[in-house]
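Notes follow once the structure below has been shown.
Now the structure itself:
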């Protein structure tokens, strides 16, 4: 049964409290309920899948069990998400049908479970004052609310770092038993199948526990922990082999993904030149608070995080190590281009960031001594740290665009699917009366330095160019205007009315529209968040 911290005195830190001690659990329960309602509201908003979600979702259109759990995926030669995540989603689509809400059900459930788990963890490692601050930040975090309805495994990453930090904390005042180690072995062996960065978390926990017990010369327990770690390593090696085959860097699309993250500065540079290395460290630290943190201004959260790290290291080194060391391992892995240390790939680190910030708030406020000033300081700091954005989060509303086109399209109209809009169009096509299988390219697939996800899929299909007059659904061959001009000119000379459907075209949509406006007449348009459609009458 979940026990609420605050009903005993072991978490007391000073005689001053953020709110009355006995009231803390009730305020926490209120915040937990708010966090759950916000996540449910985002889920039932039922936004459209965006590009990265569609890359994964299309695999559930037709693949049987034997194909869904091993590479290649439709848009990658390797598994883009953990196998356990795919298996759970396959079970749900089999039971409840293949639709947006079913695909997002597993991330939602994990997100909801993470809230009380985070509260439990905060109660074990933070002073009572800090527990409520941590729960407040976690429940009202816009990135966490958004990811609860994202068809990606990032909520798994959050849940597993919380669980991995909770389990060893139960032994802090007692002996590590055989049942403890058995539970950890099972948990860790399963975790790596649902969350890639859980490997960093498990490595941190295992390393600390082994060193801790070795220092106390408890060799029997040390050997048991080494055996547990061996189980984790074997499970990780097995799933890694199944997921990547010969390795990401050797696969089609893999080199493109590495280049994509390299361009974003996601890989730690060598120590020499040292100034470049320090520059990367500083930039990566700052970016933690922008993404995944979600703060527009990072000065306050960064300062409180650093303060919290210092005080946590002094007060509770075990908790500090469990929470911080996984990020250090991830940064080290990024040096070898094994894991991108950037953006959403660091979502697993967000609970640690929030806990350290809560620790920093607690320590800073306690310096003020007077209870009224402590309360005022904490309220001001939490208000400054609130990154909750009211309303529903959305990225690329392809469903609304396709529904509009379906209603207003005439029988002889042609569709032009913008290059990056293809995966989402393919997933939703049948829902809105379109047939993706009748879509064609009208110019050859251009040669690129690296094969990206969409060209990889098209190559697997063996698509060959057809005449523009032979098809009423044309797949764009580039996300850039200049390489697309040849196909646009062919369309102009052979078509009358064409719907140009865009999605994930933030930097080039205007270029296409301006080019078309030079010689064609725009008859209609619909513009939604991240997606749009324009109807043109060709000259």
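In the working numbering, the protein residues as written are 3 to 541. Don't be surprised by glycine CBs; every beta carbon is placed ideally from N, CA and C.
Under 8 Å, Cβ to Cβ, is there at least one residue of chain D near residue 389?
This model lacks chain D altogether; it includes just one protein chain.
Give me whichever residues DSSP pairs with residue 524 in a beta bridge.
Residue 524 is bridged to 538.
Compute the beta-carbon to beta-carbon distance between residue 504 and residue 423, rounded to the nearest angstrom, for a pair I have assumed lies under 8 Å.
6 Å
DSSP three-state call for residue 442: helix, strand or coil?
strand
Spell out the partners DSSP gives residue 530 in its beta bridges.
Partner(s): 533.
Assign residue 76 to buried or exposed, taking buried as 16 or more other Cβ atoms, counted over all protein chains shown, within 10 Å of its Cβ.
So residue 76 ends up on the buried side.
What does the Cβ neighbour count give for residue 105, buried or exposed, with the cut at 16 atoms within 10 Å?
buried
Using CA coordinates, which residue listed in 52, 45, 420 and 39 is at the minimum distance from residue 1?
The structure shown does not extend to residue 1, since the chain spans only 3 to 541, so no value can be given for it.
Mapping the DSSP letters down to three states, classify residue 300 as helix, strand or coil.
coil
Determine the direct distance from the alpha carbon of residue 152 to that of residue 292, and round the result to whole angstroms.
19 Å
Per DSSP, what kind of secondary structure is residue 63 in: helix, strand or coil?
coil
State yes or no: is the C-beta of residue 57 within less than 8 Å of the C-beta of residue 455?
yes
With which residues is residue 499 paired in a DSSP beta bridge?
Bridge partners of residue 499 according to DSSP: 539.
Which residue or residues does DSSP assign as beta-bridge partners of residue 35?
Residue pairing from DSSP leaves residue 35 without any beta-bridge partner.
Residue 432 (DSSP reduced to helix, strand or coil)
helix
At a cut of 8 Å, does the region 354-370 reach the region 238-258 through at least three beta carbon pairs?
Contact between the region 354-370 and the region 238-258 is absent: fewer than 3 CB-CB pairs across the two stretches fall below 8 Å.
DSSP three-state label for residue 348, please.
helix
Among 475, 396, 324 and 313, the one whose alpha carbon lies nearest that of residue 166:
324
Is any non-hydrogen atom of the ligand MN found closer than 7 Å to the C-beta of residue 83, if you look at the structure I gave you?
Only the bare structure without any ligand can be found here, which leaves the ligand MN out of the picture.
Determine the DSSP secondary structure at residue 471, reduced to helix, strand or coil.
helix
Distance, residue 420 Cα to residue 529 Cα:
14 Å
Could you pull the start and end residues of the alpha helix (DSSP H) that residue 246 belongs to?
221-246
Thinking residue 443 and residue 467 are a contact (beta carbons under 8 Å), I'd like their distance in whole angstroms, please.
5 Å
Residue range of the beta strand (DSSP E) that residue 418 falls in?
416-419
Going along the chain, which residues of its own chain have a beta-carbon closer than 6 Å to the beta-carbon of residue 441, five neighbours each way excluded?
475 and 477, listed in sequence order.
Please tell me whether residue 410 and residue 526 are closer than 8 Å, where the distance is taken between their beta carbons.
In this structure, residue 526 lies closer than 8 Å to residue 410 by Cβ.
What is the C-beta distance between residue 33 and residue 148, in whole angstroms, given that I count them as a contact (C-beta under 8 Å)?
About 18 Å; that fails the 8 Å criterion.
For residue 593, the three-state DSSP class (helix, strand or coil)
Only positions 3 to 541 of the chain appear in this structure, which leaves residue 593 out of reach.
Identify whether residue 142 lies in helix, strand or coil by the three-state DSSP scheme.
Reduced to three states, the DSSP call for residue 142 is coil.
Between the beta-carbon of residue 294 and the beta-carbon of residue 145, is there less than 8 Å?
It is a contact, given that the beta carbons lie within the stated cut-off.
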